[in-house]
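Just below is one structure, and these are the notes that go with it.
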Amino acid sequence: MQPIQSYSIQTSTNTLSTAENIGIKPGKDKVSAPLHSFLKGILFTLPASKSRYHFWLSLCLLFSFPLVFSACRQSPDSSLKTGTSDTTAGIDTAAGAPLPYLSDSALFTLIQQRSFQYFYDGAELESKMAPERIHMDGDYPEHDQSVVTTGGSGFGIMALIVGMDRGFITRAAGVQRLTAIVSFLEKADRYHGAYSHWYEGTTGKTKPFGTKDDGGDLVETSFLMQGLITARQYLQGGSSEEKALAARIDQLWRGVDYHWYTKGGEKVLYWHWSPDYGWEMNFPVHGYNECLIMYILGASSPTHPVDKTTYDEGWAMNGKIKRASSYKGIDLQFFHQGDLPNGGPLFWSEYSYLGLDPRGLIDAYGNYGQENINQTLINYQWCVDNPKGFKGYGPGCWGLTAGYSTAGYAAHAPSMQSDLGVISPTAALSSFAYTPRQSMAALRYFYDSLGSKLLGKYGFYDGFSQADNWFPKRYLAIDQGPIVVMMENYRSQLLWRLFVSAPEVRAGLKKLGFTLGAAAAGIKSQLPSPSLN
Numbered sequence: 021m022q023p024i025q026s027y028s029i030q031t032s033t034n035t036l037s038t039a040e041n042i043g044i045k046p047g048k049d050k051v052s053a054p055l056h057s058f059l060k061g062i063l064f065t066l067p068a069s070k071s072r073y074h075f076w077l078s079l080c081l082l083f084s085f086p087l088v089f090s091a092c093r094q095s096p097d098s099s100l101k102t103g104t105s106d107t108t109a110g111i112d113t114a115a116g117a118p119l120p121y122l123s124d125s126a127l128f129t130l131i132q133q134r135s136f137q138y139f140y141d142g143a144e145l146e147s148k149m150a151p152e153r154i155h156m157d158g159d160y161p162e163h164d165q166s167v168v169t170t171g172g173s174g175f176g177i178m179a180l181i182v183g184m185d186r187g188f189i190t191r192a193a194g195v196q197r198l199t200a201i202v203s204f205l206e207k208a209d210r211y212h213g214a215y216s217h218w219y220e221g222t223t224g225k226t227k228p229f230g231t232k233d234d235g236g237d238l239v240e241t242s243f244l245m246q247g248l249i250t251a252r253q254y255l256q257g258g259s260s261e262e263k264a265l266a267a268r269i270d271q272l273w274r275g276v277d278y279h280w281y282t283k284g285g286e287k288v289l290y291w292h293w294s295p296d297y298g299w300e301m302n303f304p305v306h307g308y309n310e311c312l313i314m315y316i317l318g319a320s321s322p323t324h325p326v327d328k329t330t331y332d333e334g335w336a337m338n339g340k341i342k343r344a345s346s347y348k349g350i351d352l353q354f355f356h357q358g359d360l361p362n363g364g365p366l367f368w369s370e371y372s373y374l375g376l377d378p379r380g381l382i383d384a385y386g387n388y389g390q391e392n393i394n395q396t397l398i399n400y401q402w403c404v405d406n407p408k409g410f411k412g413y414g415p416g417c418w419g420l421t422a423g424y425s426t427a428g429y430a431a432h433a434p435s436m437q438s439d440l441g442v443i444s445p446t447a448a449l450s451s452f453a454y455t456p457r458q459s460m461a462a463l464r465y466f467y468d469s470l471g472s473k474l475l476g477k478y479g480f481y482d483g484f485s486q487a488d489n490w491f492p493k494r495y496l497a498i499d500q501g502p503i504v505v506m507m508e509n510y511r512s513q514l515l516w517r518l519f520v521s522a523p524e525v526r527a528g529l530k531k532l533g534f535t536l537g538a539a540a541a542g543i544k545s546q547l548p549s550p551s552l553n
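Residue 553 is where the sequence shown ends in this note's numbering, and the numbering goes up by one at each step.
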């Protein structure tokens, strides 16, 4: 699939430049296998001398030879290929030594590729699904190493597409992995076609997320379906094996009974249903939050759809979703659930838009692309202003979203109550499509200033607090996945183009009254919608 042209978006407060203008290369440069093996051999046979290590590493960087040392569990070396730039995946972060300088392009690819490896090298061994968490310290207080996440696996499926398309793995290796995931999903417990939030990766049995949350989770299912539909579109024009896999994916998608989750025909979608507790979780889903994709897919379902009234009364609350607010002259259009006038956690601008192209995505209630840009700008500006005086916050150190926190897990957001001094790298890095210059500043700060305190095997760790000198070496699937996917959407718009090329998705958007904007031309779209200018 050929990369399409980059684009520029302007707002009243910010000008967003193209990928190429900040040094990110959309093309694919290869390195010769013999040279790669030679350099790899040199580095791995050197004595453990820091000065000698840095000498050879600098020499490699000087000649811009990309090194990829990540090993795959199934077929080491045979399924891994070099990336798209002068990435150096063999950087040693274990010893805490200063990291070598990397260009913007090399660093971008390094972080995208390492984050991708969470879903490939780090996949749960039996199911090949995404583990809910990976703790590099080996400490799992809940003994949940084999627990896999439904939504996170949807993100991981999209990351696998990136890996295949960008050359992090071969297409054959990617198809093999997707086949294993689909085989697991075909056998896993389902509830009127919907999947649970968590599963035991070894058995496919539901792992309860809570006492009464032991059945279908329609939001997590929708994150999964977003990934599966994207994969179907990627595979359906391929080999006979790929076409057969695309057909199996289509059956999983067609099996989700969105209408069931209206609780007998109410004009709203419910988050949960349990065979043991019925509707006792009692969580009707209203906007604005991360759940737009659930309503889009509900309207798009070819087998069990919901109508436009369900969207209008459920998601849009009969128009009450419209509520203007502003921070430092940056405007929001929507009521953010939880009464957050400065916007919710940044995953709200990411999860539904991993496949759903927000450029020019407009309905009767507002402009979703503009909301995402402005929510991100507010998040950035809040951290620059730093009203609570946390150590480290600034133009390079920003990003508030849900993730690990000093007190467990928290939904960090730009408010006096929800800003806990914890920065989550996924927030800024998954926002490249909205704020490329600010996101690049964060990428450089995380690498150049925090270095091996923050960078590990699967990219940057989930969260940190300089105020508390807190740098846990832990990852979450739902935070690593959007990094890979949204970096690629900024780079080539690959996942956006694939997802909106699905005919039922386009029909569902039209059914709900959306102006498709950049999605109007589907996979051939090359320009941003003027409505985002």
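Think of the CB as a built atom: it goes at the ideal place given N, C-alpha and C, for glycine as much as any other residue.
With distances taken between CA atoms, Leu130 lies nearest to Val504 out of His163, Tyr371, Val504.
Looking at the backbone, the Cα of Lys287 and that of Gly416 are separated by about 44 Å. The Cβ-Cβ distance between Trp273 and Leu248 falls below 8 Å. When DSSP states are grouped into helix, strand and coil, Cys311 belongs to the coil group. Residue nearest to Tyr454 within the set Ala433, Asp439, Gly483, Gln513 is Gln513 (criterion: CA-CA distance). Unbroken alpha helix (DSSP H) runs of no fewer than 4 residues, entirely contained in the segment 121-146, are found at 124-140, following chain order. Taking the CA atoms as reference points, Gly174 sits about 7 Å from Met245. With 16 or more other CB atoms across the displayed protein chains lying within 10 angstroms of its CB, Glu262 is buried. Distances from the alpha-carbon of Pro456 to those of Arg511, Trp402, Ala487 put Arg511 closest. Ranking Ala527, Leu122, Tyr138 by CA distance to the CA of Pro502 puts Tyr138 first. Leu420 is positioned such that its CB atom lies closer than 8 Å to that of Asn399. Look at the beta carbons and you see the segment 264-282 touching the segment 193-207: at least three pairs across the two are nearer than 8 Å. Distance from the CA atom of Thr170 to the CA atom of Val276, rounded to whole angstroms, is 14 Å. Excluding sequence positions up to five before and after His324, its CB lies within less than 6 Å of the CB of Asp277, Tyr278, His279, all in the same chain and listed in chain order.
Beta-bridge analysis with DSSP links Cys403 to no other residue. Between the alpha carbons of Pro120 and Gly471 lies a gap of roughly 9 Å.
Taking the Cβ atoms as the reference, Asp124 lies roughly 6 Å from Met460, within the contact range of under 8 Å. Secondary structure note for Val276: it is in no alpha helix (DSSP H), with a DSSP letter that is neither H nor E.
Within 10 angstroms of the beta-carbon of Asn362 lie 16 or more other beta-carbons, which makes it buried. Its Cα nearest to that of Tyr281, the residue Asp327 stands out among Asp327, Tyr160, Gly221, Gly412. Within the same chain, Lys263, Ala266 come within 7 Å of Gln256 by CB-CB distance, once the 5 residues on both sides are set aside. About 7 Å separates the Cβ atoms of Leu529 and Ile316, confirming a contact at the 8 Å cut-off. Trp490 carries a strand assignment under DSSP once its states are collapsed to helix, strand and coil.
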